[in-house]
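Peer 1: Input: one structure, supplied below.
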Amino acid sequence: MYFVTTDERVPEKIRNEMSQWGLAKDEFTDNGHWPHQLYIREARRMIGHYVTTENEVLGKVNVEDPIGMGSYTMDSHNIQRYVTDQGYVQNEGDVGVHPKKPYKISYGSIIPKKEECTNLLVPVCVSSSHIAFGSIRMEPVFMILGQSAAIAACIAIDRKKAVQDVDYILLQERMLRKKQIINIE
């Protein structure tokens, strides 16, 4: 808000209009009407052992080592709006593709490449393409991946192994014992 009302790079008309607005007076009354945290939809993601893409989300590629599932639409918001030569407003960059069924997420998408790090599991900034992350980014999926990451971490610690060397069959057995759903076929 400060930027859009004060920075000279913002056109004066917009600065003047925006300066008439303020924070919602009925929200965050204990914090000067500012939210306690920012909503960051997407930031940097790891490029790990396996990169989940649109192909996995759409079921075009079989995932051999699933640790959880997702099902939300791959969505990405508009980049900009513009007026076409015909005078119509057009959204650019808006994507909304629905998976036909829940999809599997690979263990490799939460582990870094072994030559880069051997003791890290990444259930939120997963190794995925931008469009796949548009689906994976939902909090229930993060909770699912977090549970699987915790199980993998316990195995790695107990066996004194790198997370990349965790035996997937053992991981699968323990996930299923904890009622983790990794496949619906």
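Per the working numbering, residue 20 is the first one in the sequence shown, and the count goes up by one each step. Cβ atoms here follow ideal geometry from the backbone N, Cα and C, with glycine treated the same way.
Provide the residue span of the alpha helix (DSSP H) that contains residue 177, from first to last.
Peer 2: As a first step, residue 177 must be located in the sequence shown, where it is residue number 158. Looking at the DSSP string, the run of the alpha helix (DSSP H) that includes residue 177 is 158 to 178.
Peer 1: Around the Cβ of residue 83, are there at least 16 other Cβ atoms within 10 angstroms (buried) or fewer (exposed)?
Peer 2: Walking along the sequence shown from the start, residue 83 turns up at place 64. Label assigned to residue 83: exposed.
Peer 1: Identify the residues that DSSP records as bridge partners of residue 71: which are they?
Peer 2: Here residue 71 refers to the residue found at position 52 of the sequence shown. DSSP output for residue 71 lists 147 as bridge partner(s).
Peer 1: Given a threshold of 16 other Cβ atoms within 10 Å of its Cβ, counted over all protein chains shown, does residue 71 qualify as buried or as exposed?
Peer 2: Taking the sequence shown and counting its residues from 1, one reaches residue 71 at position 52. It is buried - the Cβ of residue 71 has at least 16 other Cβ atoms within 10 Å.
Peer 1: Going by DSSP, which residues form a beta bridge with residue 54?
Peer 2: Working through the sequence shown from its first residue, we reach residue 54 at position 35. According to DSSP, which records beta bridges pairwise, residue 54 is partnered with nothing at all.
Peer 1: Among 79, 116, 191, 96, whose alpha-carbon lies nearest the alpha-carbon of residue 169?
Peer 2: Here residue 169 corresponds to residue number 150 of the sequence shown, with the count starting at 1. Minimum Cα distance to residue 169 is reached at 191.
Peer 1: Going by DSSP in three states, residue 127 sits in which element: helix, strand or coil?
Peer 2: As a working mapping, residue 127 is identified with position 108 in the sequence shown. Residue 127: helix per DSSP, three-state reduction.
Peer 1: List the endpoints of the continuous beta strand (DSSP E) containing residue 101.
Peer 2: As a working note, residue 101 is residue 82 in the sequence shown. Residues 99 to 102.
Peer 1: With C-beta atoms as the reference, is residue 195 less than 8 Å away from residue 172?
Peer 2: Counting from one through the sequence shown, the residue named residue 195 turns up at place 176. Counting from one through the sequence shown, the residue named residue 172 turns up at place 153. Against a cut-off of 8 Å, the Cβ pair of residue 172 and residue 195 comes out as no contact.
Peer 1: Quick one, which of 178, 132, 94 has its alpha-carbon nearest residue 60's?
Peer 2: In the sequence shown, the residue the question calls residue 60 occupies position 41. Minimum Cα distance to residue 60 is reached at 94.
Peer 1: With a threshold of 7 Å, establish whether the CB of residue 26 neighbours any heavy atom of the ligand NAP.
Peer 2: Within the structure as shown, the ligand NAP is missing, as the structure has no ligands at all.
Peer 1: Got a sec? Which residues, its chain only, sit under 6 Å from residue 103 by beta carbon, not counting five neighbours each side?
Peer 2: Translated into positions along the sequence shown, residue 103 becomes position 84. Correct list, in chain order: 109.
Peer 1: Is it true that the segment 115 to 128 meets the segment 34 to 47, where meeting means three or more beta-carbon pairs spaced less than 8 Å apart?
Peer 2: The segment 115 to 128, when compared against the segment 34 to 47, does not touch it at the 8 Å Cβ threshold.
Peer 1: Tell me the DSSP secondary structure of residue 94 in three-state form.
Peer 2: Walking along the sequence shown from the start, residue 94 turns up at place 75. Strand at residue 94.
Peer 1: Just the Cα atoms here: how many angstroms apart are residue 135 and residue 175?
Peer 2: For the purposes of this step, residue 135 is identified with residue 116 of the sequence shown, where counting begins at 1. For the purposes of this step, residue 175 is identified with residue 156 of the sequence shown, where counting begins at 1. Taking the straight line joining both Cα atoms gives about 17 Å.
Peer 1: How should residue 20 be labelled, buried or exposed, when 16 other C-beta atoms within 10 angstroms of its C-beta is the threshold for buried?
Peer 2: Within the sequence shown, the letter at position 1 stands for residue 20. Exposed, because fewer than 16 other Cβ atoms sit within 10 Å of the Cβ of residue 20.
Peer 1: Under 8 Å by Cβ, that's how I've got residue 87 and residue 143 pegged, so tell me the actual separation to the nearest angstrom.
Peer 2: Against the sequence shown, residue 87 aligns to sequence position 68. Against the sequence shown, residue 143 aligns to sequence position 124. That pair is no contact at about 13 Å.
Peer 1: Which same chain residues, not among the five before or five after residue 23, have their C-beta less than 6 Å away from its C-beta?
Peer 2: In the sequence shown, the residue the question calls residue 23 occupies position 4. Hits under 6 Å: 29, 37.
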